[in-house]
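S.K.: Here UniProt numbering is used: the first residue of the sequence shown is 1, the next is one more, and so on. The C-beta atom is built at its ideal place from N, Cα and C for all residues, glycine as well. Predicted model only: the values in this text are computed from it and were never measured.
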Amino acid sequence: MASIYDSLVHQKVNVYRPGEVEYERSVAASNLVYRFSRPSYVVQPAHASEVQIIVQEAQAEGLRLTIKGGGHSYAGFSTANDGILLDLVKMNDVHLDIAKETVTMQGGAQWGHVYKRLVNGQHDGYVVNGGRCPTVGISGFTLGGGLGPFTRSFGMGCDTVESATIVNAKGELVTATSFQHKDLFWALRGAGGGNFGILVKMKMKVKKLHDSKVVAGRYTWYPKLSDSKKPDPEVARTLMTNFMVAMQDFYKAQWSNEMTIDSSWLCELEKTDAETPIGVRFLVYYNGTEPKFQEEIKKKSGATFPSEDLMERSIEEPSTLFLHETLVAQWSEEIQKSFPANKTFNFYTSFCFDERADFNSITKIIRDKMLDFRTKFKGEKGLLQVTWIHSGGEAENVPSDQTAVYWRGARFHTYIMIQWEEKFLGKRMMGFLKEFEEILRPESIEGVAKYINFADARLHEPTEEGLPLPGKSYFGKNITKLQKVKADVDKHDFFRWSQSIQPEPRKRKADEVKLIDLVAGQQWVDLGKDVTRLTTEGTGGVFALTDLGF
Numbered sequence: 001m002a003s004i005y006d007s008l009v010h011q012k013v014n015v016y017r018p019g020e021v022e023y024e025r026s027v028a029a030s031n032l033v034y035r036f037s038r039p040s041y042v043v044q045p046a047h048a049s050e051v052q053i054i055v056q057e058a059q060a061e062g063l064r065l066t067i068k069g070g071g072h073s074y075a076g077f078s079t080a081n082d083g084i085l086l087d088l089v090k091m092n093d094v095h096l097d098i099a100k101e102t103v104t105m106q107g108g109a110q111w112g113h114v115y116k117r118l119v120n121g122q123h124d125g126y127v128v129n130g131g132r133c134p135t136v137g138i139s140g141f142t143l144g145g146g147l148g149p150f151t152r153s154f155g156m157g158c159d160t161v162e163s164a165t166i167v168n169a170k171g172e173l174v175t176a177t178s179f180q181h182k183d184l185f186w187a188l189r190g191a192g193g194g195n196f197g198i199l200v201k202m203k204m205k206v207k208k209l210h211d212s213k214v215v216a217g218r219y220t221w222y223p224k225l226s227d228s229k230k231p232d233p234e235v236a237r238t239l240m241t242n243f244m245v246a247m248q249d250f251y252k253a254q255w256s257n258e259m260t261i262d263s264s265w266l267c268e269l270e271k272t273d274a275e276t277p278i279g280v281r282f283l284v285y286y287n288g289t290e291p292k293f294q295e296e297i298k299k300k301s302g303a304t305f306p307s308e309d310l311m312e313r314s315i316e317e318p319s320t321l322f323l324h325e326t327l328v329a330q331w332s333e334e335i336q337k338s339f340p341a342n343k344t345f346n347f348y349t350s351f352c353f354d355e356r357a358d359f360n361s362i363t364k365i366i367r368d369k370m371l372d373f374r375t376k377f378k379g380e381k382g383l384l385q386v387t388w389i390h391s392g393g394e395a396e397n398v399p400s401d402q403t404a405v406y407w408r409g410a411r412f413h414t415y416i417m418i419q420w421e422e423k424f425l426g427k428r429m430m431g432f433l434k435e436f437e438e439i440l441r442p443e444s445i446e447g448v449a450k451y452i453n454f455a456d457a458r459l460h461e462p463t464e465e466g467l468p469l470p471g472k473s474y475f476g477k478n479i480t481k482l483q484k485v486k487a488d489v490d491k492h493d494f495f496r497w498s499q500s501i502q503p504e505p506r507k508r509k510a511d512e513v514k515l516i517d518l519v520a521g522q523q524w525v526d527l528g529k530d531v532t533r534l535t536t537e538g539t540g541g542v543f544a545l546t547d548l549g550f
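1) Using 8 Å as the Cβ pair cut-off and three pairs as the minimum, do the region 191-206 and the region 242-261 touch?
2) Ordered along the chain, which non-local residues of its own chain (more than five positions away) have a Cβ less than 6 Å from that of residue 449?
3) To the nearest angstrom, how far is it from the Cα of residue 206 to the Cα of residue 418?
4) Measuring CA to CA, which of 150, 154 and 129 is closest to residue 142?
5) In whole angstroms, give me the CA-to-CA distance for residue 53 and residue 171.
6) Tell me, please, whether the region 208-225 touches the region 274-289 by the rule of three or more beta-carbon pairs shorter than 8 Å.
7) Assess, as a yes-or-no matter, whether the region 74-92 is touched by the region 29-47 under the definition of 3 or more beta carbon pairs within less than 8 Å.
8) Between the Cα of residue 319 and those of 18, 216 and 104, spot the shortest distance and give me the residue it belongs to.
9) Whose C-beta lies closer than 6 Å to the C-beta of residue 478 among residues of the same chain, with five residues either side of it excluded?
10) Cβ of residue 158 within 8 Å of Cβ of residue 145?
11) Does the region 452-459 come into contact with the region 347-367, if we say contact requires no fewer than three beta-carbon pairs (one atom in each stretch) closer than 8 Å?
12) Assuming residue 410 contacts residue 151 (C-beta within less than 8 Å), just tell me the rounded distance between them.
13) Can you name, in chain order, every residue of its own chain whose Cβ lies under 7 Å from the Cβ of residue 51, other than the five neighbours on each side?
14) Reducing DSSP to helix, strand and coil, say where residue 321 ends up.
15) As a quick exercise: from 153, 35, 264 and 123, pick the residue whose alpha carbon is nearest that of residue 414.
16) Short of 8 Å in beta carbon distance, which residues of its chain neighbour residue 497, apart from the five on each side in sequence? Order them along the chain.
17) Compute the distance between the beta-carbons of residue 261 and residue 390, then report whether it is under 8 Å.
18) When the Cα atoms are used, what is the spatial distance from residue 294 to residue 326?
19) Determine, using beta carbons only, whether residue 499 and residue 486 come nearer to each other than 8 Å.
20) Closer than 7 Å by C-beta to residue 298: which residues in its own chain qualify, once you throw out the five before and the five after it? Chain order, please.
21) Please list the segments of the alpha helix (DSSP H) lying wholly inside the region 323-364, counting only runs of 4 or more residues, in order along the chain.
22) From this set, 191, 425, 100 and 276, which residue's C-alpha is nearest residue 379's C-alpha?
23) Is it buried or exposed for residue 599, if we count other Cβ within 10 angstroms and need 16 for buried?
24) Kindly indicate which residue of 276, 473 and 492 has the alpha-carbon position closest to the one of residue 191.
25) Using only the alpha-carbon positions, how far apart do residue 89 and residue 155 sit?
26) Using 8 Å as the threshold, is the region 432-452 in touch with the region 55-70, meaning 3 or more CB pairs across them?
27) Between the C-alpha atoms of residue 421 and residue 31, what's the straight-line distance to the nearest angstrom?
28) Return the CA-CA distance between residue 330 and residue 323, expressed in angstroms with no decimal places.
29) Can you name, in chain order, every residue of its own chain whose Cβ lies under 8 Å from the Cβ of residue 94, other than the five neighbours on each side?
30) Taking the alpha-carbon positions, what's the residue 259 to residue 147 distance?
31) Please report the straight-line C-alpha distance between residue 400 and residue 471, rounded to a whole angstrom.
32) If I measure Cβ to Cβ from residue 4 and keep anything under 6 Å in the same chain, skipping five residues before and after, which residues do I get?
33) Who are the near neighbours of residue 173 in its chain, counting only those whose CB is closer than 8 Å to its CB and skipping five residues on each side?
34) Assign residue 15 to buried or exposed, taking buried as 16 or more other Cβ atoms, counted over all protein chains shown, within 10 Å of its Cβ.
35) Taking 8 Å as the threshold (C-beta atoms), are residue 495 and residue 99 in contact?
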């Protein structure tokens, strides 16, 4: 493999080997499940032409390419055990044309880079239909569909894409729009991550808010679910009932398209207060003014819902201040989880709930499993989190065959995250997650629906119909057309990974996806030697929010 290294150096492409600072920065993982992922080389192209060179060289040498944008893949798809890790970190230019209401971004940009252009230009009243978390990459977010703070007002992120330029498996630059390479353009919007090429440039529409202001807030509710001073079972039952009714009414409410309220159920093992074993964090984004926001909250939330607390902690502010400050604060926990300084193991699974879902049953299942989690792992350090990302609205109004995003009817895209610190807990935690998912799975649309940007690393078995389960779960009936597009643009399956779209269905090898105790173990075997990750201090602090200008 020395030949490809020498060739890339000769062509002035940034290429790094193990032990070099830039290599260690790129491979450092925020999830300990993937702590031993060590590719042979890391490349950091600065221009699209260099991406072309890398693809051509990798093809010639028969080497696998893994693409890294923001590095937020829940299933570790931006990590690599072999071959070349192509890190787009140096390709982060953003050009905002407010007169034409468009923004053009390089493939390695993060949403913080994009929002910075709106903030610095003082463009109040304008937003890009991007991610909630500013450290998320624009590529993975949009190519997977894209659920943003204003999805209910403007549709998914991919619905505002005007053009996408990729480097394909032949090393060619291809620009896809609604007028040229139309099938590729269709596929890139919702299923484009790592399947058809490497995104090097994308143009999106800039959207206009109803007003120059946004109402945003955050409130964490710890309802009392028992009362130690009054051990009467009837009192405890009433307290629990009030909480459950509040949450069930909340999920059933017909919110306006201007209103987006995310919610995360939290069971923190280190929180030992038996009276409040479960918390719920609400994040609010309202496309309108505070009086209208408060009017809707009062009208549509139930009597037992903490509406006054939520309104008190939500403020009206200019949209640029929201992007610069409030959005970062709202997602501070998720931002911290994305840094290599994070020292936890994390696993995820996801669901898509539409308006037909039995929210009474779903909330009872979540409540019971959270109480069970606290009992089974008493005395340990860990977190069980169930996050409901509020969707629907304009995203729901787009036909499911207009882009690759099939589960358009989802009112909530929901994921379970289980987190722990001690390695020995892995099997028990994974067993708990599997049990939880099996109980909740029938409530997801068609009993299978998942969101690709909340990927589940365990999906790998083919279905009875012969379709790969990841394909059916993520893309529904659109998987058939996606396979045809794949056969057209990458018939030799150069861009492949454990859950990628294949030109034709194939049974995946049993070792392509492993549970927690095997994932890191296989990385260790592939590595073949002891490796110590650099600390974040040793990488020059590249993981600080200040790198995005926030």
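M.R.: Here's the rundown:
1) no
2) Residue mapping note: residue 449 aligns to position 449 of the sequence shown, counting from 1. 352 and 407.
3) The residue you call residue 206 lines up with position 206 of the sequence shown. The residue you call residue 418 lines up with position 418 of the sequence shown. Roughly 36 Å separates the two Cα atoms.
4) Here residue 142 is taken as the residue at index 142 of the sequence shown, counted from 1. Of 150, 154 and 129, the residue nearest in Cα terms is 129.
5) Here residue 53 refers to the residue found at position 53 of the sequence shown. Here residue 171 refers to the residue found at position 171 of the sequence shown. Using only the alpha carbons, I get a separation of about 7 Å.
6) yes
7) yes
8) Within the sequence shown, residue 319 is the residue found at index 319, counting from 1. With distances taken between Cα atoms, residue 319 lies closest to 216.
9) Taking the sequence shown and counting its residues from 1, one reaches residue 478 at position 478. Taken in chain order, the residues that qualify are 404 and 406.
10) Walking along the sequence shown from the start, residue 158 turns up at place 158. Walking along the sequence shown from the start, residue 145 turns up at place 145. It is a contact, given that the beta carbons lie within the stated cut-off.
11) yes
12) On the sequence shown, residue 410 is found 410 positions in, with the first residue counted as 1. On the sequence shown, residue 151 is found 151 positions in, with the first residue counted as 1. Contact flag wrong, Cβ pair sits at about 11 Å.
13) Counting from one through the sequence shown, the residue named residue 51 turns up at place 51. Within the same chain, residue 51 has close Cβ partners 45, 167, 198 and 200.
14) Taking the sequence shown and counting its residues from 1, one reaches residue 321 at position 321. If DSSP states are grouped into helix, strand and coil, residue 321 belongs with the helices.
15) Numbered from 1 along the sequence shown, position 414 holds the residue referred to as residue 414. Comparing Cα-Cα distances from residue 414 to each of 153, 35, 264 and 123, the minimum goes to 264.
16) Here residue 497 refers to the residue found at position 497 of the sequence shown. The beta carbon of residue 497 sits closer than 8 Å to those of 66, 77 and 194, all from its chain and outside the five residues before and after it, given in chain order.
17) Reading the sequence shown from its first residue, position 261 is the one you call residue 261. Reading the sequence shown from its first residue, position 390 is the one you call residue 390. Yes. Within cutoff.
18) In the sequence shown, counting from the first residue as 1, residue 294 sits at position 294. In the sequence shown, counting from the first residue as 1, residue 326 sits at position 326. About 19 Å.
19) Within the sequence shown, numbered from 1, the residue matching residue 499 stands at position 499. Within the sequence shown, numbered from 1, the residue matching residue 486 stands at position 486. Contact flag unset, no.
20) The residue labelled residue 298 in the question sits at position 298 within the sequence shown. So the qualifying residues of the chain are 307.
21) 327-330 and 332-337
22) If you number the sequence shown from 1, residue 379 lands on position 379. Among 191, 425, 100 and 276, the Cα nearest to that of residue 379 belongs to 425.
23) Since the first residue of the chain shown is 1 and the last is 550, residue 599 is not available in this structure.
24) In the sequence shown, the residue the question calls residue 191 occupies position 191. Out of 276, 473 and 492, 473 has the C-alpha closest to the C-alpha of residue 191.
25) The sequence position of residue 89 within the sequence shown is 89, counting from 1. The sequence position of residue 155 within the sequence shown is 155, counting from 1. Rounded to the nearest angstrom, the two C-alpha atoms are 27 Å apart.
26) Of all C-beta pairs linking the region 432-452 to the region 55-70, fewer than three are shorter than 8 Å, placing the two stretches out of contact.
27) As a working note, residue 421 is residue 421 in the sequence shown. As a working note, residue 31 is residue 31 in the sequence shown. Distance between the alpha carbons of residue 421 and residue 31: 10 Å.
28) In the sequence shown, counting from the first residue as 1, residue 330 sits at position 330. In the sequence shown, counting from the first residue as 1, residue 323 sits at position 323. Taking the straight line from one Cα to the other gives about 11 Å.
29) On the sequence shown, position 94 is the one that residue 94 refers to. So the list reads 103, 104, 105, 106, 109, 113, 114, 116 and 117, once near-sequence residues are dropped.
30) One-based indexing of the sequence shown puts residue 259 at position 259. One-based indexing of the sequence shown puts residue 147 at position 147. Rounded to whole angstroms, residue 259 to residue 147 spans 14 Å at the Cα level.
31) As a working note, residue 400 is residue 400 in the sequence shown. As a working note, residue 471 is residue 471 in the sequence shown. Going by the C-alpha atoms only, they are around 15 Å apart.
32) Within the sequence shown, numbered from 1, the residue matching residue 4 stands at position 4. Cβ neighbours of residue 4 beyond the five flanking positions: 57 and 61.
33) Here residue 173 corresponds to residue number 173 of the sequence shown, with the count starting at 1. Only 48, 52, 165, 166, 167 and 200 meet the Cβ criterion.
34) Indexing the sequence shown from 1 puts residue 15 at position 15. When all chains shown are included, residue 15 counts as buried.
35) Along the sequence shown, read from residue 1 onward, the residue named residue 99 stands at position 99. Along the sequence shown, read from residue 1 onward, the residue named residue 495 stands at position 495. Going by C-beta atoms, residue 99 is not nearer than 8 Å to residue 495.
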